[in-house]
Structures are given as C-alpha cells and as structure tokens.
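Read through the structure below, which is laid out as structure tokens, and then see the notes.
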Amino acid sequence: MVSLEQVHKSYGETPVVKGLSLEVARGEMIALLGPSGCGKTTTLRIIAGLEHADAGRVHIDGALVTGQPPEARGLGMVFQSYAIWPHKTVAENVEYPLKLKGVAGREALVRQALGWVRLDALAQRMPHALSGGQLQRVALARALVASPKVLLLDEPLSNLDAALREDLRAEIAALRARLGTTMIYVTHDQNEALALADRVAVMNHGVIEQLAPPRELYESPKTPFVAAFVGGANVLEGRLDGADFVCGDRRLVLPADLERPAAARHLVIRPEALTVGDGPNELGVVASLFLGHSTEVRFDVAGHLMRALAPAHVRPKPGENVRVRIDRAQLFS
Amino acid sequence: MRPGRGEAAFKLAAVGLLSLLVAFTAVPLLVLVARAASAAGELGLWSLWSSPATLQALRGTLVTSTGAAAMSFVLGLPLAVLLERTDLPHRHALRAAFTLPTAIPPFIWGMGWVALANPRAGLLNRALGAGTVDIYSGFGVAFVLGAAGLPLVMLPAAAVLARLDPSHAEAARDFGAGPVRTHLAVPVRLALPAAASGAALVFLFAAAAFGVPYLLGVTATPPTPTLTTRIYAEMLMGPAGLWNAAAYSLLLLAMAVVVLLLSRLLGRSGRTALLSGKGLKQRALQLGPLRTPLSAAVIALALVLVVAPLLAVALASLTTPAGDLTVSHWGRVLADPRTLSATVNSVALSLAAAAAVTTLGLVLSMIRRRSAALGHAAELLAAWPYAVPGTVLAIALLAAFSRDLRFVFFDSFALVLALANTLWLLLLAWVAKHLAFGTRNAAEGLARVDPSLAEAARVSGAGPLRAFVDAVVPQLKGPLAAAFTLTFLTCATELTLAVLLVPPGRDVLGTLLFELQSYADPASAAVIACAFVLFVLAVLGTRAALVARRVDA
Ligand SMILES: Nc1ncnc2c1ncn2[C@@H]1O[C@H](COP(=O)(O)OP(=O)(O)OP(=O)(O)O)[C@@H](O)[C@H]1O
Ligand SMILES: [Mg+2]
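Residue numbers (our numbering), protein chains in the order written: chain A, 1 to 333; chain B, 1001 to 1553.
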C-alpha cells in the first residue's frame, strides 16, 4: 500500500533519513519506533508530502507520488499537537476533508465518524472547551472521515497523561479492527509500538535497523541497538577470549551453549536473563532498587552499568560483591 | 507536478509583488535623490545647502528637535519609574493619560497650546495678563512636540522596568544598598538605554513634524523655520520649487538615517543581559511621605500636558471671540458641504489604505515565512517608509509621479499612470507609510500559529492557498484587526502627507483642519479637532472594551 525506496533527506548538511526503504501492506499497521531525532517524523512527513525527499521514491496504492503535494495523496494524518482548528466546531473540523472533496451527505458521514470516537454528544462544541484526549479523538475522526488510503499518526498519544494514553491506545486498536485502515504509527514508546503494530520498524540515525513483528523483534533482535531499545537489554563492548567475554578488565563467563562467532564485539544481555546470587561471575553492586514485584540490581562491569531483574526478596547492598550467572545472551559483531 | 513547480510559481508571484512595491516606494526615493542632484547641477547642491536660509532652517530643526527630545527624556524616564516601580496612586489612569499623546495628531496639541498660550487671546494669558507666555516660538515648538513625543520615551522605558530581572535588584540589596538605590538607581541605569533610544525617536518625530512648526514657528517673532516648513514653502512655489524641496528633503533624510541608526544602537546596547526571565512581580517601592506630593505633581503634569490642551480646543470650538458660549461653530462646520466631502474622502481613503496595509502585510509576512531572502527584502521594503519623514516621502512621490507615466505593452496596449493631482497619490503614500503596521502585526501573529494547523488542512485535501485562508488566516483575526484599526485611525487623522499631496480643490479632513486653522477660521478648526479627538477616544475605548471582553472570556 505504501512503499518507500531508498529515500534520502537532509536538512542543510545534516542527513536525517539515509536510504530508507519500507513496504507496508494493505490493511497493515506499521510502527516507526526509535529514539528522539532519529528521523521518524521526517519519514512520516515525506510519506504525507509535507516534506520532499532529496532522493528515492514513494508509492502509495501503486501510484508514484514523489513530488505530489499532500492534498493529492488522499491520506489522513493525526498530529502530535492535535492541530484542531480552533475557530471551527468539532463537527466543522471533521467535515472539512469531506467539504474539500465535495462529498454529498456529509452530515451523516460526520456523525458516523464522531460515533467511531464516541464524541457524538460534543459535535457542536468549540475546541477550546475540549480536553486533550477529546481533541485527539476529533483529530482521529477528522483523519478517518474521508476514508483515507493510509492513516499517518505522529506520536498521537505523547501529549496525554498515562491513563488517557492507555484508553486511546485501545481505541485506536479497536478502530483499526473495525475499519481495516492501513496505518503508519510513529512513536518513541516501545510499549505502544509492540502493543499496536503488526510489524515494528526500529529506526536509528535515519535508517531502519530492523523491521519485524513485535514478538520476533523482542526475541531475536538483529542489532545491539534494537536489543537495547526494544528489550532494555544491557549492551557491553568487548571481545571473546577463549570461551569468555572480556570487557575492559572484566572477564565474563557466558552460557555454555551460546554460539560464539569469532568477530563478536558486543555482548547483549536482557536484565531478566541474569540470575543474581548464584553463578560463576562475581560483580560489584552499585545500587539495588525495589520495584515491588522485583528488584532491579545495578552492577558495575568495567565502568559500565549492567542492570539485572531479581526476585523481590533479593536485596544486595551497594558495595557488596554478588555472584551472578548469565542465563541467556547474544553476541553481535 | 514536480515539487519545484509550486515553489517557482510562488517565487515568481512574490518577486512580482515586491517589484511593484519597489516601484511605488523605493523608486520614488531614488528619483528624489537623482532629481535633487541634477537640479543641483545648475546651482550647486552645496551652495543651496550652505545658503543662510538653509542653515537657518537646519538650525531650527536641530534646536526644536533636540529640545523636544530632551523634554521627553527628562519627563518620560521619571514617569516610567514612578508609574512602573512605585506605589504611586492611580497608576493605571495616569499611564493611559500619558499614552494618549501618540494617538492624537501633534497638530491638535499645537492647536490646544495656541488656544492656551497665544500671547494675546490665549486662556493662560487672559488669566495671567497678556504676553506672559508665548507659544509662538522655537521653544513652543519644542515644548509641544516634546509633550506629544513623551510616550515614545515613557513606554519603552516602562517596558524594560516591567521585565527587569529581579535578581538585579536583589543582588544590589544583598550588597547592602538601601531601598532607594536598589529600587531606583539600579533599575534606572538599566532602563536608560531604552529611554535614550526613545528620545532619539522623539528627535526624529520632531524633525519630521510639519504641522506644529508650521503653526507655531513660522509666524513667531523672530520666525523659527525648520526644514519641513521650508520644504512646504518651496512646494507652494510650484514645479520650480519642487527641486529645492528635494534638496532640503535629502538633508532631512540624512538626519533621519543617522538618528535612526543611533536609536537602534542605543536600544540594542540596552537589551543585553538585563532582560532574562519573565520578570517576577516585583515589590513596588514604597514612596512613604513623598507619595502625596509626588502624586500631586504627576497629576498636575497630566492636567497640563494632556487635559488642558484638549479642553482648550473643546472650549475654542464652543466660544465666540468675546468669550460667550455658542454652538454656532459646530452648526456651521456640520452644515458646510466641504466638511461632508472631506469626511467622505478621508473615510474612504483611510478604509482603502487600512485594507491594503492589512492585506499587503499578510502577504508580505507569508513571503517572509517561505523564503528567507525574499522575506528580508519584504521586511526592509515595509519598514523604511515608516522611518522616512512624511515630508520626504511626499516629496519623493511628487517627484516620481509629477508627470504621467506611460507603459506600453506589446506596442499596442498602453497603461497610463496619471497619479499627479489625484487623491490616489495620497492613498499610495498612506499605504506605503503604514505598511509596517501590517507586516509587523501579521508576522507576530503568524509566528504564534502552529504550522500543523495548515498542514492538517493540506493533508485534508486543501491546496496551499486554500489551507492558508481556511486554517491560518482565521487565527490572525486579532493582529490583523489591530493593524487595520491602527492604520485607519492614523490615516483618518493624518496631516503632513495630506497637506502636501492633496491636489487643490479636493479635501480630506487633515487638509481641511490645516487650512481652517492656518488661514481662515480657527473656531471651525477646533470643531474638527474635537471631532478627531472624540473619534480617537471612541475607537480606543471600543478596542479596550473588546480586549477586556476577550480576556474575560
Ligand atoms: N525543518 C528542519 N530543519 C532542520 N533540521 C530539522 C528539521 N526538522 C527536523 N530536523 C532535524 O532532523 C532530525 C530528525 O528529526 P525528526 O523530527 O524526524 O525526528 P523524530 O525521530 O521525529 O524525533 P522526535 O521523537 O523527537 O519527534 C532531528 O535531528 C531534527 O533536529
Ligand atoms: Mg517526531
């Protein structure tokens, strides 16, 4: 439905999107996930036509749209800042895309769209009298009312508080199940991405590091960055020496069954893949934080921080040396 | 469509508009310079500039403008401190009173002082004995212009004082300074650059003033001519005089440029370092036992500088020469068909100017947003006519359009631009002069509009223009309405450009006022001046009420 081929974009001398390619199937929901400044918004805006790529091609629904202005692309978009027109009522906001298309029977369509987001009762309100969550619902209705080919969402929940965020996230998922709209969803929140998307594209420095379904992304990250960003994994730099991994002046004993490519330079360990209190390694505790259901223990490994999740009753003290076993890990070059 | 095409069309349109603006605003100034230089070829520009008459006018301008600047500085800075940093009573009302002088044309303040301090019949002299005070002098010109320019010093200084970083005062207190030092010496030193920059603007305002020096200086004994009144005198001599007027204009222009640069420099030096933070509300300095005498002094000043001249004009419109009350002046003026035609012309031209200024301001600030280079050109283009003295602008337009201009396209289709001796030239001048109101307000408004509002409209299916009109322009209602009102108000009560550019036999209210006051019938002039003041107060009052309502809502 949407395809990007080798898209490049620079602002002045700074490359922001560097040869990005992406295929989105009809009805699919893709999340673009990545840290701040990695080029997510820029990519989305290139798809929308609000920004033009320096090189590369964009197809929407089989048609080449590179160079077409946004109004010719038939998309819907939800902005981080809501972008609800303050001088129009809720209903007028939602009606606007239909008005531009000259669609007949607009009133019914507006009512239907407001029904999708449960705002029927507020149709005649002015935006200044709405809450953030309601504003973002209006934005959703407005973006969906004209049956867009693709719905683009740029961090739609990031201005809302935690509880509302959960609600609206569920609502977006329900809307999608109901309408089957193709969606591209930009976020820097991995929970949002993993919960909502069919596939997640993890972006870093203007490229997609990995594009995979959430489970696969979590279970077999392709790069240390993905492992760290999606699973919150520890990433240690070093090299293999015999069967052990050497990081600075520390030598770590790895699981016996771990595949050991000779060129390995990065050791990736999830916090929950460490056993605290038993094992072949002895590490110094920097801090231990009680999280309720568990304890996060922070170790020092040759000047780097390594986090481990231990059962709640394990409470090592800072300064103590504790035995640690690495149960699972991954090595990357 | 290639991505570049829309952009190219936009650039073409923008360049077209800017060229048109250049043709009507910058080119006349170049013509002025060229004509003055060529006229000088015969006589020698230098010999004209160094003639005794020129030197006398130059001295007049320098003396009256320096006097006005000094007066506004000496009164404006203490007023700013008293109204902004102390517990003086009635600060709000006093502030409004001292701001009024900018809203009412200086000529009317001059008329007020004529009514008060005309050596024979002035109200003051009737009370104190004939000849006690004489407003017809260089001193009178400086005094009236200094009072009229007071807000130009007081408002910027007050703005600095309001936003002062409280840590400065606190630091001073920590070092053991007393309350007077912490609350007065330190803030005053910090507000000084803004006040000085304002005083430079008062100098410029006074040097550019025409109505007041004409009213008070030309008939004084000994006469105090200024560059602007010399320019007017040359203008009255017809086409031959135009080139001498151009030569005088150059002097005035050069002076304006120097002073403007100086003002910028002073203003900038003051901006550094001291305006950090949002300005927490400061504790006001308790005036203590001085509160009552200071309050009385400030109220007396407001009565003398603001209330008395306006009351004197009102009284002049309502009394016979013998001093009896009458409404016959009002009846006569209202019944005069000239009043009606002048009002119609003024209102129509001012509305047209306000509409043009607002629209152009919006378009120019759009250009600014989309192209930095073109935007810079647009900004400059809009800013300079406001800074150039009105007399110079008028002479430049007269020099450029004194003959009909023929543009022949494709050898067949001719456009004749015959602006000379029409009211169109005045409209052009008013638009050029006040363009800055439009661009400034529109640009400030635009900066506050979230760009995603327009982008949401684009994605919804609107083209760039439609998105701008539907999603952005409605957010600019406030600033655009303010630009419209300000331009309308200023043009409707404008005098200098009107007097120089309105052709014989036509009237606008400004020329009618000038003519009645100068030649024929000061009582009728007072009627029109009163109407101006009432009109200004009504518009300002309505706006204040509207703003207050918006704040409440
Ligand atoms: N108009 C612009 N001019 C110059 N640089 C820009 C512009 N827009 C974005 N950038 C830069 O491009 C980079 C990528 O920006 P982008 O907005 O795509 O990031 P993002 O991934 O959406 O980040 P965030 O999560 O913070 O929204 C950033 O470093 C940003 O500073
Ligand atoms: Mg972003």
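For each residue, glycine too, the CB sits at the ideal point set by N, CA and C.
Assigned with DSSP and collapsed to three states, residue 79 of chain A falls in coil, not helix or strand. In this model, residue 129 of chain A and residue 119 of chain A are separated by some 13 Å (Cα to Cα). With a threshold of 8 Å between beta carbons, residue 86 of chain A makes contact with chain B. Ligand 1 approaches residue 40 of chain A closely enough that one of its heavy atoms is under 7 Å from the residue's Cβ. DSSP places residue 1151 of chain B in the uninterrupted alpha helix (DSSP H) bounded by 1138 to 1163. Ranked by Cα distance from residue 1222 of chain B, the options B:1049, B:1356, B:1338 and B:1139 are led by B:1139.
Annotation for residue 295 of chain A: the continuous beta strand (DSSP E) segment containing it runs 294 to 301.
Residue 1495 of chain B is positioned such that its CB atom lies no closer than 8 Å to that of residue 1338 of chain B. With contacts defined by Cβ atoms closer than 8 Å, residue 1536 of chain B and residue 1104 of chain B form a contacting pair. Of the heavy atoms belonging to ligand 1, none sits nearer than 7 Å to the Cβ of residue 285 of chain A. One finds nothing in chain B with a Cβ atom closer than 9 Å to the Cβ of residue 225 of chain A; even the nearest lies about 30 Å away. DSSP, reduced to helix, strand and coil, places residue 30 of chain A within a strand of the structure shown. Taking 8 Å as the cut-off, the Cβ atoms of residue 1256 of chain B and residue 1209 of chain B do not count as close.
Annotation: the continuous beta strand (DSSP E) that includes residue 279 of chain A extends over 274 to 290. Setting aside the 5 residues that flank it on each side, residue 160 of chain A is surrounded in the same chain by 132 and 133, each with a C-beta closer than 6 Å to its C-beta; the list follows chain order. With a cut-off of 8 Å on Cβ pairs, the region 159 to 173 of chain A is not in contact with the region 204 to 216 of chain A, counting fewer than three such pairs. Residue 1190 of chain B is a Cβ neighbour of residue 1160 of chain B, given a cutoff of 8 Å. Taking a cut-off of 8 Å on C-beta distances, the region 1520 to 1531 of chain B touches the region 1107 to 1127 of chain B, as three or more cross pairs fall below it. No heavy atom of ligand 2 is found nearer than 7 Å to the CB of residue 166 of chain A.
Using a cutoff of 7 Å, the CB of residue 186 of chain A counts as near ligand 2, since one of the ligand's heavy atoms is closer than that. With a cutoff of 7 Å, residue 155 of chain A counts as near ligand 2, since its C-beta is closer than that to a heavy atom of the ligand.
For residue 1354 of chain B, the closest alpha carbon among the candidates B:1436, B:1324, B:1381 and B:1368 is that of B:1436. Neighbours of residue 135 of chain A in chain B, taken as residues whose beta carbon is under 7 Å from its own, are absent, since the nearest beta carbon is some 12 Å off. Straight across, the Cα-Cα distance linking residue 284 of chain A with residue 263 of chain A is about 28 Å. Interface flag for residue 77 of chain A against chain B is set, since a Cβ pair is found closer than 8 Å. For residue 1458 of chain B, a Cβ of chain A is located within less than 8 Å of the residue's own Cβ. With a minimum length of 4 residues, the unbroken runs of alpha helix (DSSP H) contained wholly in the region 1463 to 1533 of chain B fall at 1464 to 1467, 1477 to 1492, 1496 to 1501 and 1509 to 1515. For residue 80 of chain A against residue 158 of chain A, the beta-carbon gap comes to about 6 Å, under 8 Å, which counts as contact. At least one heavy atom of ligand 1 is found less than 7 Å from the C-beta of residue 11 of chain A. Residues 1234 and 1235 of the same chain have their beta carbon placed closer than 7 Å to that of residue 1241 of chain B, with the five preceding and five following residues left out of the count. For residue 1099 of chain B, the enclosing alpha helix (DSSP H) has its first and last residue at 1091 to 1099.
Collapsing the DSSP output to three states places residue 1223 of chain B in coil.
Residue 1097 of chain B sits close to residue 1302 of chain B, with the two beta carbons spaced by under 8 Å.
Interface flag for residue 1067 of chain B against chain A is unset, since no Cβ pair is found closer than 8 Å. The region 16 to 25 of chain A makes contact with the region 202 to 209 of chain A: 3 or more CB pairs, one atom from each, lie closer than 8 Å.
Per DSSP, residue 1286 of chain B is not a residue of any alpha helix (DSSP H), being assigned neither H nor E.
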